[in-house]
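Here the structure is laid out as structure tokens; the discussion comes afterwards.
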Amino acid sequence: MTTMTISRRQHRPDLHAVFTGERTFGLSLEHGPLAPASARHEARPVLVAWGLDDDQIYDTLLVISELVTNAVSHALPPVVLHLRASIEGSGPVEVRVSDGGPESTPDNWAAARPADEHGRGDMIISALTSQAGAVSESEGLIDHWASFDAA
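Residues in the sequence shown are numbered consecutively from 11, following this note's numbering.
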């Protein structure tokens with residue numbers, strides 16, 4: 011996996027085109043077991059509007075689900091989903107999930123799940139994306155991100 015820094019200017023509350031030639035989408039999520047489903051539900055129409063095909067949408071939603079699941083399973087709130095793509099549709103699609111950093115004790119709903127239900131997220135993300143990584147922000151937030159090749 012390759013790590014790169016993603017600018018904080020990408021924090022946008024709604025789907026819209028910005029002057030830099032990008033489309034962005036931001037969504038604050040509840041820190042709990044329904045967050046992955048909520049993220050997929052809200053992201054699907056955005057990805058359709060951006061012109062991704064069915065396979066690209068499926069892969070992107072799977073990566074969104076994995077990143078959000080990791081955030082609610084292993085990190086503190088907040089959990090925020092960010093999507094970014096080029097207006098022309100020829101650039102990469104980037105998924106970023108910001109969280110509040112590592113949880114000190116794994117005393118949450120996910121910690122109670124059987125061990126065989128954990129541990130495959132990073133492999134799935136690596137298999138589906140061209141790049142992925144994490145960046146610590148000065149505010150204590152951690153951005154976990156993944157980038158797909160051109161849409």
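Built from N, CA and C at the ideal position, the CB exists for glycine as well.
Rounded to whole angstroms, what is the Cα-Cα separation between residue i and residue j?
| i | j | result |
| --- | --- | --- |
| Gly61 | Thr70 | 13 Å |
| Ile134 | Trp155 | 13 Å |
| Ala144 | Leu138 | 17 Å |
| Thr79 | Pro55 | 20 Å |
| Leu151 | Glu76 | 18 Å |
| Asp159 | Ser96 | 11 Å |
| Ala59 | Arg130 | 30 Å |
| Leu72 | Ala45 | 13 Å |
| Ala85 | Asp63 | 32 Å |
| Ser114 | Ala47 | 25 Å |
| Glu98 | Pro43 | 35 Å |
Using C-beta distances below 7 Å, list every residue in its chain close to residue i, excluding the 5 sequence neighbours before and after it, in chain order.
| i | result |
| --- | --- |
| Arg19 | Low confidence applies to Arg19: its pLDDT is 37, below 50, so where it sits in the model is not reliable, and the reading given next is rough at best. Nothing meets the Cβ criterion. |
| Leu57 | Ile67, Thr70 |
| Ser38 | Pro88, Val90 |
| Ile162 | Any property of residue 162 remains undetermined from this structure, which presents the chain solely from 11 to 161. |
| Asp153 | Ile16, Arg106, Ser108, Ala144, Val145, Glu147 |
How would you write the range of the alpha helix (DSSP H) that residue i sits in, first residue to last?
| i | result |
| --- | --- |
| Val77 | Residue identity check: residue 77 is Leu in the sequence provided, not Val. Run containing Leu77: 64-84, per the alpha helix (DSSP H) assignment. |
| Glu113 | Segment: none, Glu113 is in no alpha helix (DSSP H) and carries neither H nor E. |
| Leu57 | 45-59 |
Can you give me the start and stop residues for the beta strand (DSSP E) that residue i sits inside?
| i | result |
| --- | --- |
| His154 | 152-158 |
| Gly36 | 32-39 |
| Gly131 | Element bounds for Gly131: not the beta strand (DSSP E) but the alpha helix (DSSP H), 131-138. |
| Ser96 | 89-96 |
| Ser146 | 141-146 |
Measure the Cβ-Cβ separation of residue i and residue j and say whether it is below 9 Å.
| i | j | result |
| --- | --- | --- |
| Ala142 | Asp109 | no |
| Pro112 | His41 | no |
| Ser157 | Pro102 | yes |
Note down, in chain order, each residue of its chain lying with its Cβ closer than 6 Å to the Cβ of residue i, except the 5 sequence neighbours on either side.
| i | result |
| --- | --- |
| Arg94 | Gln20, Glu32, Thr34, Glu104 |
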